[in-house]
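Comments concern the structure below.
In our numbering, the protein residues as written are 368 to 516.
Here it is as structure tokens:
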């Protein structure tokens, strides 16, 4: 009986990890599209992007927990964490550069801004690769999930 409960929990963890890997990639793509729409001035609402960024952080934490339970390295989550830290540093540098009229801090802030554009792309790639790896490792469990729906 206990083995059956553990097996059901294992299946649930695998299904959640797969789902979170896929959804993390989808959310990052959505934020990138919203960012492009903001750059082209089609969307001017800044809070829309901030809300999606918060959802990405929540998904990254949930993904990290599920991958830790499966003992899988969660590179996508780590990239999202580093993205949030770097973007915070970037904002502080740009604010300080504007107040002090220092071009060096502004240039460093802009360079960090470019790095923060690359990190979500890498996180998306690693999240989708992790979902693919889970699909290859546990095809029967993930197919059973689709049949139940």
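All C-beta atoms, glycine included, are put in the ideal place defined by N, C-alpha and C.
CB residue 471 to CB residue 451, shorter than 8 angstroms?
Against the chain shown, residue 471 aligns to sequence position 104. Against the chain shown, residue 451 aligns to sequence position 84. It is not a contact, given that the beta carbons lie outside the stated cut-off.
Report yes if the CB atom of residue 387 is closer than 8 angstroms to the CB atom of residue 422, and no otherwise.
If you number the chain shown from 1, residue 387 lands on position 20. If you number the chain shown from 1, residue 422 lands on position 55. It is not a contact, given that the beta carbons lie outside the stated cut-off.
Which of the three DSSP states is assigned to residue 438 in this structure?
Taking the first residue of the chain shown as 1, we reach residue 438 at position 71. Per DSSP, reduced to three states, the secondary structure at residue 438 is coil, with no helix or strand assignment.
Is it right to say residue 407 is buried, meaning 16 or more other beta carbons lie within 10 angstroms of its own, or is it exposed?
Indexing the chain shown from 1 puts residue 407 at position 40. In this structure residue 407 is exposed. Its beta-carbon is surrounded by fewer than 16 other beta-carbon atoms within 10 angstroms.
Quick one, are the C-beta atoms of residue 449 and residue 404 less than 8 angstroms apart?
For the purposes of this step, residue 449 is taken as residue 82 along the chain shown, with counting starting at 1. For the purposes of this step, residue 404 is taken as residue 37 along the chain shown, with counting starting at 1. No, they are not a contact pair.
Using C-beta distances below 8 angstroms, list every residue in its chain close to residue 401, excluding the 5 sequence neighbours before and after it, in chain order.
Working through the chain shown from its first residue, we reach residue 401 at position 34. Excluding residues within five positions, the ones whose Cβ falls inside 8 angstroms are 410, 415, 416 and 419.
The segment 427-447 in contact with the segment 458-469 per 3-pair CB rule at 8 angstroms:
Fewer than three Cβ pairs drawn from the segment 427-447 and the segment 458-469 lie within less than 8 angstroms of each other, which leaves the two stretches out of contact.
Boundaries of the alpha helix (DSSP H) in which residue 408 is found, first to last residue:
On the chain shown, position 41 is the one that residue 408 refers to. Note, residue 408: premise wrong, no alpha helix (DSSP H); not H, not E.
Let's test the definition: count the other Cβ atoms within 10 Å of the Cβ of residue 382 and tell me whether it reaches 16, buried, or not, exposed.
By one-based count along the chain shown, residue 382 stands at place 15. That one is buried.
According to DSSP, simplified to helix, strand and coil, what is residue 420?
Reading the chain shown from its first residue, position 53 is the one you call residue 420. Residue 420 falls in the helix class under three-state DSSP.
Coarse secondary structure for residue 431, derived from DSSP in three states:
Residue 431 sits at position 64 when you count from the first residue of the chain shown. It is helical.
Straight-line gap, residue 497 to residue 394 (C-alpha atoms, nearest Å)
By one-based count along the chain shown, residue 497 stands at place 130. By one-based count along the chain shown, residue 394 stands at place 27. Here the alpha carbons of residue 394 and residue 497 stand approximately 16 angstroms from one another.
I think residue 473 touches residue 464, with their Cβ atoms under 8 angstroms apart; what is that distance to the nearest whole Å?
Indexing the chain shown from 1 puts residue 473 at position 106. Indexing the chain shown from 1 puts residue 464 at position 97. Contact holds; Cβ gap of about 4 angstroms.
Tell whether a beta-carbon distance below 8 angstroms holds between residue 392 and residue 495.
On the chain shown, residue 392 is found 25 positions in, with the first residue counted as 1. On the chain shown, residue 495 is found 128 positions in, with the first residue counted as 1. Inclusion of residue 392 and residue 495 in the CB contact set at 8 angstroms is warranted, their separation being smaller than that value.
DSSP on residue 448, reduced to helix/strand/coil?
Taking the first residue of the chain shown as position 1, residue 448 is located at position 81. Helix, per DSSP.
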